[in-house]
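Undergrad: Letter by letter, the sequence shown follows residues 1 to 330 in UniProt numbering. Questions regarding the structure given below will be posed in turn.
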Amino acid sequence: MSETQLSDKEVAGEDGDVDDRDMSAAPQPERPPRTWAGWAGMWWSLIYIPPHLWVAFGGTAGIMGIPDPGPEEKAANWGASVLCVGAALVSMALVKQWGRIAPRWLLIGIAWGAAAVALLHWAALSVLTALRLTGVMPYEAKDDYFTAEKLASIDRWNLFVFEPWFLGLGVFLIIGALQSRTLAKQWRHDPTPALPTWMTSTGWARLLCLLGLAVALGLHVVWATGNRLLLAPQANTGIGRLNDWWVYDLGVAVLCVLTAYLVWTNALTPLARIMSGTITMMGFLQVMWGVFTFDWYLFAVYGPFVTGIGLLFELSIIRTRLDKGVSVQK
């Protein structure tokens with residue numbers, strides 16, 4: 001036997017047992033990070049869209065006691081459908097590589113903010129409907145359409161079907177945000193994912209900018225002049241008195257013009273991001289106020305609308321930044 005060869009005794013040890021020191025020193029395979037919350041949040045959001053679209057297109061909901069949805073129900077369901085799509089995209093962006101394209105602070109902030117809104121919606125509406133169904137709070141018929149019996153039927157569906165969905169969405173978004181932290185540590189050395197050319201072109205950035213500006217100017221100027229829209233049938237009552245908010249509406253329109261100018265010219269990008277973030281936060285606060293005051297218009301239409309304008313400007317900035325420093329797929 002040569003000196004380089006080991007005897008069976010040396011390999012097995014004195015008692016014939018295999019020496020497993022080298023085996024124990026071998027690196028163990030790293031367990032893949034968990035991403036189930038992102039997928040669960042996506043599917044949880046998507047399954048909530050078909051019933052909303054059904055009512056938004058004028059479909060009847062007789063099983064809930066709503067044989068003929070009015071304009072308020074249609075508008076609210078359109079808004080809810082858009083929010084569901086957004087929740088599905090955010091859920092997947094938390095656990096997918098392409099989600100790193102957006103600033104992490106923005107993605108995590110949207111996830112935690114949406115989770116807070118969803119949980120507050122579940123808690124507030126569940127308590128309210130439970131108090132009314134148990135007789136602690138009486139039903140007050142709003143008009144001949146929303147009778148006490150119809151409101152009680154809607155409350156039962158809200159308490160046992162719809163509000164638990166908000167609870168689940170809030171939980172999935174929070175867990176997804178926590179899982180995103182683990183994924184961020186694993187991906188910290190990976191290059192930023194490349195995007196197709198059409199998604200990173202300056203033309204698309206400016207198109208997003210123009211879209212946000214056009215929508216903002218169009219509706220806010222209309223509201224500032226005191227005109228009413230179908231989406232705001234209560235424009236002269238309660239918190240929805242948009243014609244009395246003409247200073248606020250014109251202020252938002254001017255802010256959108258200045259933000260669009262900075263984004264279009266690619267000047268003072270930090271200031272543009274602050275301004276776009278301000279618009280987004282204004283919309284988010286409108287959503288929160290709608291939750292606390294049970295104002296469906298602020299919660300489902302106006303708040304998401306302003307938030308969407310801010311996000312359009314933010315996406316415009318991101319697209320321009322990608323053109324400068326991120327690799328592009330050919």
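Idealized CB from N, CA, C, for every residue including glycine. Since the model is a prediction, treat every value here as computed from it, not as a measurement.
#1: Between which two residues does the alpha helix (DSSP H) carrying Gly99 extend?
#2: Hey, could you find the ends of the alpha helix (DSSP H) Val161 is sitting in?
#3: Can you tell which of Thr280, Phe294, Pro270 and Leu315 has its C-alpha closest to the C-alpha of Ala114?
#4: How many Å lie between Thr129 and Arg156 at the Cα?
#5: Alpha carbon to alpha carbon, what distance is there between Phe160 and Leu315?
#6: Comparing alpha-carbon positions, which option in Met288, Leu298, Phe162 and Ala184 lies nearest Ala102?
#7: DSSP on Pro138, reduced to helix/strand/coil?
#8: Nearest-angstrom Cα distance between Ala76 and Ala56?
#9: Rounded to a whole number of angstroms, what is the C-alpha to C-alpha distance between Arg181 and Val95?
#10: Just confirm the distance between the C-beta atoms of Asn158 and Leu125, as a whole number of angstroms; I'd bet it's less than 8 Å.
#11: Going straight from the alpha carbon of Phe292 to that of Arg273, what length do you get?
#12: Use the C-beta contact count for Phe294: other C-beta atoms within 10 angstroms, 16 or more gives buried, fewer gives exposed.
#13: Nearest-angstrom Cα distance between Val117 and Leu311?
#14: How many angstroms separate the CA atom of Arg104 from the CA atom of Thr269?
#15: Helix, strand or coil for Asn77? Go by DSSP, reduced to three states.
#16: Between the C-alpha atoms of Met282 and Tyr297, what's the straight-line distance to the nearest angstrom?
#17: Within the same chain, show all residues whose beta-carbon is closer than 7 Å to that of Ala111, passing over the 5 residues directly before and after it, in chain order.
#18: Starting from Thr280 and walking both ways along the alpha helix (DSSP H), at which residues does that stretch end?
#19: Buried or exposed: which applies to Phe313, given that a residue is buried once 16 or more other Cβ atoms fall within 10 Å of its Cβ?
#20: Looking at the structure shown, is Ile175 part of a helix, part of a strand, or coil, going by DSSP?
#21: Is Phe57 helix, strand or coil by DSSP?
#22: Val287 and Ser276: beta carbons closer than 9 Å?
#23: Between the beta-carbon of Met92 and the beta-carbon of Gly99, is there less than 9 Å?
TA: In brief:
#1: Run containing Gly99: none; DSSP gives neither H nor E here.
#2: From DSSP, Val161 is part of no alpha helix (DSSP H); its letter is neither H nor E.
#3: Thr280
#4: 8 Å
#5: 37 Å
#6: Ala184
#7: coil
#8: 8 Å
#9: 9 Å
#10: 6 Å
#11: 28 Å
#12: exposed
#13: 18 Å
#14: 17 Å
#15: helix
#16: 15 Å
#17: Val90, Leu94, Leu173, Gly176 and Ala177
#18: Thr269 to Thr293
#19: buried
#20: helix
#21: coil
#22: no
#23: yes
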